[in-house]
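Below: one structure, written as structure tokens.
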Amino acid sequence: MREHGAGLAATGAPVFHHHVSYPPWKRKLRGMFHHMAVRLSENRRIVAATIGATGFTVALIAAGGYLFLIQLARYGW
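The sequence shown lines up with residues 3 to 79 when you count with the working numbering.
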């Protein structure tokens with residue numbers, strides 16, 4: 003990938019041509035996604051634990067609310 007090297011800034015044409023064919027914001031977006039993917043793969047265990055804990059908490063709250071509603075319905079307000 004010579005185009006991504008420092009020589010690209012010295013010559014004007016390839017930079018311009020490259021930007022026309024492939025907009026900078028798209029590359030930036032792709033880089034962002036790639037960075038996120040790398041971070042996720044690095045911290046997969048942490049991410050999995052976080053998602054698990056969040057899911058567990060949500061399920062707990064949902065179950066609690068459900069049981070609370072049943073109690074209210076059964077024994078009145």
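Even glycine gets a Cβ: it sits at the ideal position worked out from N, Cα and C.
Review point. Distance, Cα to Cα, residue 62 vs residue 25?
Key: 46 Å
Check your understanding: To the nearest angstrom, how far is it from the Cα of residue 75 to the Cα of residue 64?
Key -> 16 Å
Practice item. Let me know the secondary structure DSSP gives residue 26 once reduced to three states. Key: helix
Practice item. State the Cα-Cα distance for the pair residue 53 and residue 45, rounded to the nearest angstrom. Key: 12 Å
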